[in-house]
Structures are given as C-alpha cells and as structure tokens.
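The structure appears right after this line, and notes come after that.
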Amino acid sequence: MERVAFLLEFLPYIQRFRNHTFVIKIGGAVLQDGKVLHGLAGDISVLYNIGIRLIVVHGGGPQADVLLGRLNHEPEKIAGRRITDSETLEVTKMVYGGKMNMEITAALQRANTRAVGISGVSGGTVLAVKREPTLVKDPDTGMEKKVDFGYVGDITRVDLELVNTLVSHDYIPVIACMGVDGDGNILNINADTIAQEIATSAKAEKLIYVTDVQGVLEDKDEPSTVISYLDLAGARELLEDGRVSGGMRPKLLNCISAVEGGVERVHVIDGTAEHGLLMEIFTNQGCGTLMEKYRNGGDV
Ligand code: ADP
Ligand code: MG
12 MERVAFLLEF LPYIQRFRNH TFVIKIGGAV LQDGKVLHGL AGDISVLYNI GIRLIVVHGG
72 GPQADVLLGR LNHEPEKIAG RRITDSETLE VTKMVYGGKM NMEITAALQR ANTRAVGISG
132 VSGGTVLAVK REPTLVKDPD TGMEKKVDFG YVGDITRVDL ELVNTLVSHD YIPVIACMGV
192 DGDGNILNIN ADTIAQEIAT SAKAEKLIYV TDVQGVLEDK DEPSTVISYL DLAGARELLE
252 DGRVSGGMRP KLLNCISAVE GGVERVHVID GTAEHGLLME IFTNQGCGTL MEKYRNGGDV
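Residues in the sequence shown are numbered consecutively from 12, following the numbering used here.
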C-alpha cells in the first residue's frame, strides 16, 4: 500500500516534468569525491528515466587548481572569477575538456543513461569573444580596478542545434565550460554562465546549480542559514549587501539572469548531500535554495 501511495504522490511530478528541459550545472567542488559523483549520477538517471530532457554543464575549478599547483603555477582569482593566462588556458582545456568531462560522462553511463561528452566548442555551441579588460570591484578591498581576465570569454550566442539533436535522440549532452570565438580561439567561460545561457535559450523549466554548500546562505560560514526561497528582489538585495562572495556571486548573478530570461525555477543545491537533487525536485520543502521571479506558491 505504501508503494502505491508513493507512486500516486510521484505522478503529478512526472506529468509536470516529462519532456521538459532541465539544465544541471555540476560544480568542480562536488566532483572531487568519486562517491559523490556516482550518487549524483544515480539521481540524474532517475530524472532521465522519467523522460526529462537533460543538459549537463560542468566546471572543474578545484581540479584545474590542483594541476596548476603541480606545475607550480599559482591560479589568480578576483571576485570569484579566474584570471586565465596562457598556461591556465592550457590546463583548463585538459582538465575541463578532458578529465572532468570524461569522468562525468562515464559516471552517467554507469548509471544507465546515454551521456555524451562535448564542450562548448563542439558544434559551435558556445560562441564567445575574449573579454576586454574590465573595471571590477574587489569585494575583499572594496576598491575598483581594471582587470584583464586573460583568455576568458563572454558569450555572444549559444547555438543549441547539436545539443537539441543529442537530446532528441535520448542522449544527455555533458558540456565542458569552454567556448570558441570566430577565429577559432578557445576561451575559458564560467560554467554557471554557460548553464544560464543554455537554460535561457532552451527555455528550460529548471536550472539547477549543484554545488558544495547547502544553498545560498545568509551567513556563508553557517550551513544552517540556508535561504530556502528567494525571489528576484531578495536575490538583488543579497548581492548588494555583500553577504554573498566568492563563486556564489557569479552564481547568484546567473540565477537572476535565468529567471529574468524566462527560466521558471532556479535551484542551488548541495551535491554532497545524499539524494539532494531528488529531494529538491520531488519534495515541497526541498533542501537547497529555490529562486523564482515572484513567489507563486505552486506545489511542484
Ligand atoms: P561551484 O564549483 O559549485 O561553482 P564555487 O566555489 O564557485 O562553487 O561557489 C560556491 C562557494 O561560494 C561556496 O563554497 C562558498 O565558499 C562561497 N560563498 C560565498 N558566499 C556565500 C553565500 N552567501 N552562500 C553560499 N556560498 C557562499
Ligand atoms: Mg563556481
């Protein structure tokens, strides 16, 4: 009887989400533990098997830092964004496009999904231009300075033809966070931004940021302060009052762009929590941060 009740409870979710698109961004921090990756792949497989169209985007920052460290090259970051000099670009190609992409694809295959590893370069999926030196306010010092981010791209366009072709043949594209400019130069691009641009362009029902903290936190050092619900105004306020720093800043900015761009719901969840992904999607209370344009109070 319990099982039947469970199935009945599950049905509205399946009806609601079947054939809809979710974009899932997996952060590098989550990928450091093989067990965590396999758990997450199992959760993604449940979504895949109920007929949700899935697009996975990933980073690999911590893994790139490890290899850079081995090469005695200290990575530099400002306001949560990496400076990509030529050595760093080489390493990001190897780590994002190679190691991480293959490992995620393999974990998803093991979980009985049809995953295909590509990068933003493949099929011209992510087109970008090299970022001009820009004025950036360093949240640590409050000072504005001109920063040359190096081989970092700003997205000009995403072309979803390859991704849609794969998805419509029941594949899960796994996209490494690199892009390409019109001259064939490969550029490093923040994976949160690629996920957001793809989600917006694909008119995704959900954009899910899987990271290594419980969600957006009121106090970044206090896991119990997770903000379970944010609307646009709340997110803007958080950014302004400086409670959000490091990699969560670009993430939250992208959450805002996604909901402004028409993605209905954006989630920030902890990928290291067991079944965190399924809990967030299939329970009303969820466990991470849910963000919408306006509070709508809907059930699923
Ligand atoms: P990912 O690899 O998933 O993109 P990042 O390291 O780029 O992860 O961003 C998440 C990090 O942002 C957290 O691990 C945390 O250290 C930092 N952070 C700063 N402020 C906040 C906040 N208010 N809430 C949550 N995380 C925060
Ligand atoms: Mg990040």
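Every residue gets a Cβ at the ideal spot worked out from N, C-alpha and C, and that includes glycine.
> Does the beta carbon of K262 fall short of 7 Å from some heavy atom of ligand 2?
Replying inline: Yes, since a heavy atom of ligand 2 falls inside the 7 Å radius drawn around the Cβ of K262.
>> Helix, strand or coil for V274? Go by DSSP, reduced to three states.
In response: Looking at V274 - three-state DSSP - the assignment turns out to be coil, as it is neither helix nor strand.
>> Assuming I183 and A126 are in contact, meaning their beta carbons sit under 8 Å apart, how far apart are those beta carbons, in whole angstroms?
In response: 5 Å between Cβ atoms; contact.
> In the structure shown, what three-state DSSP assignment does G62 receive?
Replying inline: In the structure shown, G62 adopts coil according to DSSP, grouped into three states.
> Would the stretch 287 to 295 and the stretch 253 to 266 be scored as touching if the rule is three or more Cβ pairs under 8 Å?
Replying inline: Flag = no, the stretch 287 to 295 and the stretch 253 to 266 do not touch.
> Based on Cα-Cα distance, which residue from M302, E229, A269 and E216 lies nearest to I63?
Replying inline: Between I63 and the set M302, E229, A269 and E216, the nearest pair of CA atoms involves E216.
> Hey, I263 and V227: beta-carbon distance below 8 Å or not?
Replying inline: The question names Ile, but residue 263 in the sequence shown is Leu. The criterion of a C-beta distance shorter than 8 Å is satisfied by L263 and V227.
> Going along the chain, which unbroken runs of the alpha helix (DSSP H) with 4 or more residues stay wholly within the stretch 69 to 143?
Replying inline: Listed in chain order, the alpha helix (DSSP H) runs fully inside the stretch 69 to 143 are 72 to 81, 97 to 103 and 112 to 121, counting runs of at least 4 residues.
> Quick one: Cα of Q5 to Cα of Q43, how far?
Replying inline: There is simply no residue 5 to check, as the chain begins at 12 and stops at 311 in what is shown.
> In whole angstroms, what is the alpha-carbon distance linking P313 and R92?
Replying inline: The shown model of the chain, from 12 to 311, leaves out residue 313, and the question about it has no answer.
>> If the criterion is Cβ atoms closer than 8 Å, does the pair V140 and G164 meet it?
In response: The Cβ-Cβ distance between V140 and G164 falls below 8 Å.
> Cβ atoms of V34 and V68: under 8 Å apart, would you say?
Replying inline: Taking 8 Å as the Cβ cut-off, V68 and V34 qualify as a contacting pair.
> Comparing alpha-carbon positions, which option in G253, M302 and V174 lies nearest T152?
Replying inline: Distance from the Cα of T152 is smallest, within the candidate group G253, M302 and V174, for G253.
>> Between which two residues does the alpha helix (DSSP H) holding L147 run?
In response: First, the amino acid is wrong: residue 147 is Val here, not Leu. Run containing V147: none in the alpha helix (DSSP H); it sits in the beta strand (DSSP E), T145 to K148.
>> Tell me the DSSP secondary structure of I186 in three-state form.
In response: In this structure, I186 counts as strand in the three-state DSSP scheme.
> Do G80 and ligand 2 come close, with the Cβ less than 7 Å from some heavy atom?
Replying inline: Here the distance from the Cβ of G80 to the nearest heavy atom of ligand 2 is not below 7 Å.
> For E87, which residues of its own chain have a beta-carbon under 7 Å away from its beta-carbon, when the five flanking residues on both sides are left out?
Replying inline: Excluding positions up to five away in sequence, the list reads I94.
>> Let me check understanding here. Comparing Cα to Cα, which of I89, E285 and D192 lies closest to K156?
In response: Of the listed residues, the one whose Cα sits closest to K156 is I89.
>> Restricting to Cα atoms, I'd like to know which of D96, L146, G109 and I61 is closest to Q74.
In response: Ranking the options by Cα distance to Q74, first place goes to G109.
> Considering only C-alpha positions, which residue in the set E20, S179, V132 and A284 is nearest to I166?
Replying inline: Of the candidates E20, S179, V132 and A284, the one whose C-alpha sits nearest the C-alpha of I166 is V132.
>> To the nearest angstrom, how far is the alpha carbon of I61 from that of A187?
In response: In this structure, the straight-line span from the alpha carbon of I61 to that of A187 is close to 25 Å.
> How about K231: is its Cβ closer than 7 Å to a heavy atom in ligand 1?
Replying inline: Yes, the Cβ of K231 comes within 7 Å of a heavy atom of ligand 1.
> Going by other Cβ atoms of all chains shown within 10 Å of its Cβ, with 16 needed for buried, is K148 buried or exposed?
Replying inline: By the neighbour-count criterion, in which a residue is buried when 16 or more other Cβ atoms sit within 10 angstroms of its Cβ, K148 is exposed.
>> Using a Cβ-Cβ cutoff of less than 8 Å, which residues in the same chain neighbour Y305 once the five nearest sequence positions on both sides are dropped?
In response: So the qualifying residues of the chain are D242 and L243.
> For A202, which residues of its own chain have a beta-carbon under 7 Å away from its beta-carbon, when the five flanking residues on both sides are left out?
Replying inline: So the qualifying residues of the chain are K36, V68, H69, G70 and C188.
> Taking the alpha-carbon positions, what's the I66 to Q120 distance?
Replying inline: Spanning the two alpha carbons is a distance of roughly 14 Å.
> The beta strand (DSSP E) spanning I219 covers which residue range?
Replying inline: DSSP places I219 in the uninterrupted beta strand (DSSP E) bounded by K217 to T222.
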